[in-house]
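Report on the following structure.
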Amino acid sequence: MSQWLAHVIERAAAVDDWLSPVRAEALAKLKEQTWPGRRTEAWRYTSLHAVEDLSLATESSVQAEAPAIAGLDALDLVFVDGRLTTPLADLDLPEGLTIRALTDKSEAAEHVFTKVKPSHHLFGLVNDVLATQGVVIDVAQDAVIERPIRVVNFASDNVESHTRVLVSLGKNAKATVIEHGSGTGHSLNTAFAEYDIANEARLEHYRFALHQGDAIHVGGSHFKLANKSRLNSTLIGYGSQLTRLDVDIIHAGEHAHAKFNNAYLLAPKEHFDLHSTIEHAMPNGTTEENARGIIGDKAKAVFNGRIHIHRDAQKTLAELNNRNLLLSRGAQINTKPELEIYADDVQCAHGATVAEIDEEALYYLLTRGINKQMALVMLNFGFVQELVFDMPNKALADWLQPILKQRFEDMMERS
Numbered sequence: 000m001s002q003w004l005a006h007v008i009e010r011a012a013a014v015d016d017w018l019s020p021v022r023a024e025a026l027a028k029l030k031e032q033t034w035p036g037r038r039t040e041a042w043r044y045t046s047l048h049a050v051e052d053l054s055l056a057t058e059s060s061v062q063a064e065a066p067a068i069a070g071l072d073a074l075d076l077v078f079v080d081g082r083l084t085t086p087l088a089d090l091d092l093p094e095g096l097t098i099r100a101l102t103d104k105s106e107a108a109e110h111v112f113t114k115v116k117p118s119h120h121l122f123g124l125v126n127d128v129l130a131t132q133g134v135v136i137d138v139a140q141d142a143v144i145e146r147p148i149r150v151v152n153f154a155s156d157n158v159e160s161h162t163r164v165l166v167s168l169g170k171n172a173k174a175t176v177i178e179h180g181s182g183t184g185h186s187l188n189t190a191f192a193e194y195d196i197a198n199e200a201r202l203e204h205y206r207f208a209l210h211q212g213d214a215i216h217v218g219g220s221h222f223k224l225a226n227k228s229r230l231n232s233t234l235i236g237y238g239s240q241l242t243r244l245d246v247d248i249i250h251a252g253e254h255a256h257a258k259f260n261n262a263y264l265l266a267p268k269e270h271f272d273l274h275s276t277i278e279h280a281m282p283n284g285t286t287e288e289n290a291r292g293i294i295g296d297k298a299k300a301v302f303n304g305r306i307h308i309h310r311d312a313q314k315t316l317a318e319l320n321n322r323n324l325l326l327s328r329g330a331q332i333n334t335k336p337e338l339e340i341y342a343d344d345v346q347c348a349h350g351a352t353v354a355e356i357d358e359e360a361l362y363y364l365l366t367r368g369i370n371k372q373m374a375l376v377m378l379n380f381g382f383v384q385e386l387v388f389d390m391p392n393k394a395l396a397d398w399l400q401p402i403l404k405q406r407f408e409d410m411m412e413r414s
């Protein structure tokens, strides 16, 4: 057992709140965990050496505000180093929307904890036992929440933090939730979110994992879809010292639809690991997943996308595509798209491509008078930009596009 994990178990014993039964169960499982190594399939290409002996502060007095985004009128919930700094009582909530602190016992929180359990790898269990700060978001039946709900999670230097978000959408409800994480210092942050989406409900979801530098970020977004519910999710990630994200989507009802676009842009020496699992457990479900990556010099990306079609999930339509661009010979990608099918009346496809810069096409543009930087953007940034333009929220797309374009240009200069 690593020194860091031993300290986690010691700290977990002191946590006492209404979630203690859940935490006790997770702690028992955590004590049985073997530290992941190269022989651990889910962590084969991601080393946790940087975490093994990590020792960081668990509290801070840092203050931060939600980053302003032009045209985005959101209900902001701000966490700084694991502390919820937004006074929930001051929020002007529309009818049909309830937001509570995780520390307050509620039926909505118990419901989501019972119905939507993420795949419990080691860090999910750590979050179970240590995430005392979080929010419970409950959207009532038939409620249409026009303002996006943005959960901002800021990690400062030399601090370890853990947060949890629980979201419940009632029948025929509609909402937009944005998970916005960032950090640049030497930090460790785990952030997990669970979504229970009832019959005919619609969720528009975004997760921005914009951690950089020496930050270590591990988290996940987990969705349970009921009959005729719809999920449109976009994930954008940077690499940082270590970023690991798990996305689980469970089709628990018939005629559910999920669209999941994700993109990762890794500057030199960064590491990004994305595991997605789509479980089709019921008939007539549809899934579309598009994953795009640009990997800079000596950066490393890991993509594992799995679609599991259960025996009863007849008439399923599912597609998974992963495309990657390596900016140099030192860039690495380990990609593994998987289809596991136990039903016979389905239409499914999956694929992955890895490419390098097209020197002939670049030369052609240069001979037409286009400068090299612009030519590289035209040739290589477009396939990530497509996913940004596909985002339903125009304010978010307009904010994100120049940020990613500048990051790509910086990556080109450093690769």
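The numbers in numbering that gives the first Met the number 0 rise by one with no breaks, and the one at position 253 of the sequence shown is 252.
Cβ atoms here follow ideal geometry from the backbone N, Cα and C, with glycine treated the same way.
Start-to-end residues for the beta strand (DSSP E) that takes in residue i
i: residue 194; result: 187-196
i: residue 96; result: 96-100
i: residue 28; result: Segment 19-30 is the alpha helix (DSSP H) holding residue 28; no beta strand (DSSP E) there.
i: residue 385; result: Not the beta strand (DSSP E): residue 385 falls in the alpha helix (DSSP H), residues 381-388.
i: residue 68; result: Premise fails: residue 68 is in no beta strand (DSSP E) and is neither H nor E.
i: residue 136; result: 132-138
i: residue 173; result: 173-182
i: residue 167; result: 159-168
i: residue 304; result: 299-308
i: residue 233; result: 229-236
i: residue 148; result: 148-154
i: residue 314; result: Looking at the DSSP string, residue 314 is not in any beta strand (DSSP E), and its letter there is neither H nor E.
i: residue 209; result: 201-210
i: residue 224; result: 215-224
Neighbourhood of residue i by C-beta, 6 Å cutoff - its chain only, sequence neighbours within 5 removed
i: residue 421; result: The question about residue 421 has no answer here: the residues shown for the chain are numbered 0 through 414.
i: residue 84; result: 77
i: residue 420; result: Nothing in the structure corresponds to residue 420, since the chain is present only between 0 and 414.
i: residue 104; result: 17
i: residue 222; result: 194, 230, 248
i: residue 233; result: 205, 260, 390
i: residue 323; result: 292, 332, 353
i: residue 175; result: 147, 203
Beta-carbon proximity list for residue i, same chain, < 7 Å, skipping 5 on both sides
i: residue 61; result: 79, 80, 155
i: residue 140; result: 169, 170, 171, 172
i: residue 132; result: 78, 81, 82, 83, 101, 162
i: residue 396; result: 387, 388, 390
Cβ separation of residue i and residue j, assumed to be a contact under 8 Å, to the nearest whole Å
i: residue 235; j: residue 399; result: 7 Å
i: residue 45; j: residue 301; result: 6 Å
i: residue 210; j: residue 252; result: Going by Cβ atoms, the distance from residue 210 to residue 252 rounds to 34 Å, so no, they are not a contact pair.
i: residue 238; j: residue 298; result: 6 Å
i: residue 4; j: residue 34; result: 7 Å
i: residue 148; j: residue 73; result: 7 Å
i: residue 187; j: residue 407; result: Their Cβ separation, rounded to whole angstroms, is 27 Å, which puts residue 187 and residue 407 out of contact at 8 Å.
i: residue 55; j: residue 157; result: 6 Å
Residue range of the alpha helix (DSSP H) that includes residue i
i: residue 121; result: 121-129
i: residue 400; result: 393-413
i: residue 48; result: 48-51
i: residue 416; result: Look at the range of the chain in this structure, 0 to 414, and you will see that residue 416 is not part of it.
Short CB-CB distance (under 9 Å) between residue i and chain B
i: residue 369; result: Absence of chain B from the displayed structure is noted, only one protein chain being present.
The stretch 348-364 contacting the stretch 384-392, beta-carbon criterion three pairs below 8 Å:
no
Count the C-beta pairs between the stretch 20-37 and the stretch 123-131 that are closer than 8 Å, then say yes if the count reaches three, no if not.
yes
Could you say if the stretch 269-280 and the stretch 303-314 meet the contact criterion of at least three C-beta pairs nearer than 8 Å?
yes
Go through the stretch 323-370 residue by residue and report every complete run of the alpha helix (DSSP H) that reaches 4 residues or more, in order.
358-366
Quick one: which unbroken beta strand (DSSP E) runs of 3-plus residues sit fully inside the stretch 244-292? Chain order, please.
Counting whole runs of 3 or more residues, the stretch 244-292 contains the beta strand (DSSP E) stretches 256-265, 270-279.
Meets three-Cβ-pair contact criterion under 8 Å: the stretch 83-103 and the stretch 37-54
no
Count the CB pairs spanning the stretch 241-252 and the stretch 261-276 that are closer than 8 Å, and state whether there are at least three.
yes
Meets three-Cβ-pair contact criterion under 8 Å: the stretch 315-329 and the stretch 277-296:
yes
Decide if the stretch 279-291 is in contact with the stretch 254-263; the criterion is three or more beta carbon pairs, one per stretch, under 8 Å apart.
yes
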